[in-house]
Amino acid sequence: MNYQIRFLLLILSLFLIKSCTKKSDLSCHIYDKNGFIKADGKFKGNQFIDTIYVYKENDNDIYNDHFDTFIIIDSSKNNYFYGTEIVEEKNSHKLFSKGVYRFKKSSNPKESYNSKLKTGLFVFFNRNGSVHSKKIYQIKGDSSYIMK
267 MNYQIRFLLL ILSLFLIKSC TKKSDLSCHI YDKNGFIKAD GKFKGNQFID
317 TIYVYKENDN DIYNDHFDTF IIIDSSKNNY FYGTEIVEEK NSHKLFSKGV
367 YRFKKSSNPK ESYNSKLKTG LFVFFNRNGS VHSKKIYQIK GDSSYIMK
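Every position in the sequence shown, counted from 1, becomes a number in this note's numbering once 266 is added.
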């Protein structure tokens with residue numbers, strides 16, 4: 267009888283340890299229509315968390331070969347979450363542009379990612395780090411417009 271109790275406690279302990287150490291994979295990949303990864307990040311519940319890494323849309327896009335693009339998720343409010351997009355040169359890590367996107371919360375990561383709209387200030391930089399241009403975006407309905 268004593269051995270049966272010990273064996274039962276051992277099984278219960280192993281089950282408890284396994285359930286406490288189980289890691290949940292939050293990785294989420296968004297694919298384009300050709301099967302290439304368009305974006306990936308961590309998705310939990312109804313929004314992306316942490317950082318979304320964005321990849322070029324097609325192989326012959328030479329422009330995006332020279333840049334790294336990522337969106338740092340920095341806030342969440344009501345039905346939306348917001349992230350700051352940073353585009354920098356791959357080799358020099360010089361900032362090319364910076365701006366904010368708004369995303370709709372959704373249980374479907376692809377739908378959530380595809381809902382992104384520019385909002386607020388977008389700044390574009392010259393190679394020497396000086397400001398090339400600034401644009402302010404405002405969201406109306408399901409569209410984003412440049413303010414004049």
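For glycine and all other residues, C-beta sits at the position ideal for the given N, C-alpha and C. In this text, all values refer to a predicted model and were calculated from it rather than measured experimentally.
Contact belief for residue i with residue j at Cβ below 8 Å, rounded distance in angstroms
| i | j | result |
| --- | --- | --- |
| Phe-391 | Ser-378 | Phe-391 to Ser-378, Cβ: 29 Å. No contact. |
Bridge-paired residues (DSSP) for residue i
| i | result |
| --- | --- |
| Arg-368 | Tyr-348 and Leu-383 |
| Gly-307 | Cys-294 |
| Ser-354 | According to the sequence provided, residue 354 is Glu. The question's Ser does not apply to it. BP columns for Glu-354 point to Asp-334 and Leu-361. |
| Phe-314 | Phe-309 |
| Ser-399 | Phe-390 |
| Ser-342 | Phe-347 |
| Tyr-319 | Asp-306 and Phe-336 |
| Ile-405 | Ser-410 |
Where residue i falls, given that 16 or more other Cβ within 10 Å makes a residue buried
| i | result |
| --- | --- |
| Gly-365 | buried |
| Val-320 | buried |
| Lys-310 | exposed |
Where the beta strand (DSSP E) through residue i begins and ends
| i | result |
| --- | --- |
| Tyr-411 | 409 to 413 |
Same chain, Cβ closer than 7 Å to residue i, five either side skipped, listed in chain order
| i | result |
| --- | --- |
| Lys-384 | Gly-365, Tyr-367, Tyr-403 and Ser-410 |
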